[in-house]
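Residue numbers (full-length UniProt numbering): 1 to 373. Think of the CB as a built atom: it goes at the ideal place given N, C-alpha and C, for glycine as much as any other residue. Beneath this line is the structure, given in structure tokens, with notes to follow.
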């Protein structure tokens, strides 16, 4: 009986592993088609002849350091924005002063907490929209680092695909703890189906960079329609999809980069704890099953590493993780080789997120308690 049980368990692990490998290889192939800007991908597009009115809206809470770097990059775009709006979301640092020091920038200062029922980022973006007049809207997080071709690339992609375009920036690192983002990047980009599995719509949008026509934004109701959501990016993408408007997501490659949580390990831990548990099922059943397969495939690969078969599976998964992670950030071979450590941390954050959302019914972000009940 014991040997039969063991054999059945090994067969199940093998099935899970093979399924994981096949899905991963499909995504690796598919992801190559979802690079925002490359000479090959844009070579067939016509040269830009329009001069669209694009409003750049940047929600900013305690972002003085990031804004001083971001605003010159936005001002000096090859396709000049019609207007740049920074919404100071009741900051306690020099965010307002930094934004106001750029004459090209319109600054909206929110001096009170968001109204009841609103989450801070959505409230800030909504106020930016209300004070904008462009025919296109670009929502940018304050910590992104765009190349001077970002806005042009977004506009061309929107003309090509229509609907909403969002981009996951390429992650760069300065500190070692930032490498812990590896499993989260893979889950966000691949397992959550945000790139859109072939013939499947994406589960949502990427929050750091969202480009849309004003008309589509107003048809859906925009951030006012999702005002209470912690995961406003996923909810906004689903909102567009539910209104029959296409959502297409891309990887930023070298067109846009960021440091995901540059302020330290505490910020990283709080940031992922805020998003993980609420995001586990919000993407829908298909995305949830994909995530389970990914986690099961990864787990099954390091539970029997002391056998030859186990070593082969372990190294295969490490190679797949490396190939999948490289388009999302500057990860190294040792990140993939020691991936069990990353996924142990991933589980710690996940269970902390469950605790915060189920028992405390609050998460913490940028000095605010956010109700997730």
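So, is residue i buried or exposed, given that buried needs 16 or more other C-beta atoms within 10 angstroms?
i: residue 168; result: buried
i: residue 309; result: exposed
i: residue 333; result: exposed
i: residue 61; result: buried
i: residue 215; result: exposed
i: residue 17; result: buried
i: residue 43; result: Only weak support exists for where residue 43 lies, its pLDDT of 48 falling under 50; the coordinates are left without a value.
i: residue 327; result: buried
i: residue 13; result: buried
i: residue 40; result: Confidence at residue 40 is low in this model, with a pLDDT of 47, below 50, so its placement is unreliable and the value that follows should be read with caution. With fewer than 16 other Cβ atoms within 10 Å, it is exposed.
i: residue 324; result: buried
i: residue 294; result: buried
i: residue 307; result: exposed
i: residue 311; result: exposed
i: residue 375; result: The question about residue 375 has no answer, for the chain in this structure spans 1 to 373.
i: residue 46; result: Any reading at residue 46 must be qualified, since the residue scores a pLDDT of 49, below 50, and its modelled position is unreliable; the value itself is stated next. Counting Cβ neighbours within 10 Å, residue 46 comes out exposed, since fewer than 16 surround it.
Of all the options the options, which has the alpha carbon lying nearest to the alpha carbon of residue i?
i: residue 271; options: 353, 29, 98 and 18; result: 353
i: residue 217; options: 203, 236 and 231; result: 236
i: residue 154; options: 79, 222 and 179; result: 79
i: residue 212; options: 136, 342, 89 and 340; result: 136
i: residue 57; options: 16, 301, 110 and 132; result: 132
i: residue 112; options: 124, 104 and 103; result: 124
i: residue 34; options: 202, 315 and 75; result: 202
i: residue 241; options: 200, 179 and 36; result: 200
i: residue 331; options: 114, 233 and 176; result: 176
i: residue 339; options: 317, 358, 105 and 108; result: 317
i: residue 189; options: 208, 178, 173 and 174; result: 208
i: residue 204; options: 234, 298 and 193; result: 234
i: residue 105; options: 166, 148 and 59; result: 59
i: residue 149; options: 20, 77 and 107; result: 77
i: residue 29; options: 350, 265, 81 and 195; result: 195
i: residue 257; options: 26, 348, 329 and 231; result: 329
i: residue 411; options: 314, 266 and 319; result: In the structure as shown, the chain starts at 1 and stops at 373, and residue 411 therefore has no counterpart that could be examined.
i: residue 130; options: 222, 140, 24 and 245; result: 222
Just to confirm, are residue i and residue j a CB contact at a threshold of 7 Å?
i: residue 128; j: residue 87; result: yes
i: residue 156; j: residue 247; result: no
i: residue 206; j: residue 249; result: yes
i: residue 120; j: residue 89; result: yes
i: residue 170; j: residue 252; result: yes
i: residue 102; j: residue 70; result: no
i: residue 32; j: residue 134; result: no
i: residue 36; j: residue 255; result: yes
i: residue 356; j: residue 273; result: yes
i: residue 239; j: residue 226; result: yes
i: residue 74; j: residue 84; result: yes
Original post:
Contact between the region 133-145 and the region 58-76: three or more CB pairs below 8 Å?
Top reply: yes
Subject >> Ordered list of beta strand (DSSP E) runs contained in the region 197-257, each at least 3 residues >> reply: Inside the region 197-257, DSSP marks whole beta strand (DSSP E) runs of 3 or more residues at positions 209-213 and 247-251, from first to last along the chain.
**OP:** Please go through the region 93-119 and give each complete alpha helix (DSSP H) segment of 4 or more residues, from N-terminal end onward.
**Re:** 95-100
**OP:** Evaluate the contact criterion for the region 181-192 versus the region 334-344: three or more CB pairs, one atom per stretch, below 8 Å.
**Re:** yes
Subject >> Unbroken stretches of the alpha helix (DSSP H), 4 residues or longer, contained in the region 305-350 >> reply: Here the runs fully enclosed are 308-325 and 333-337.
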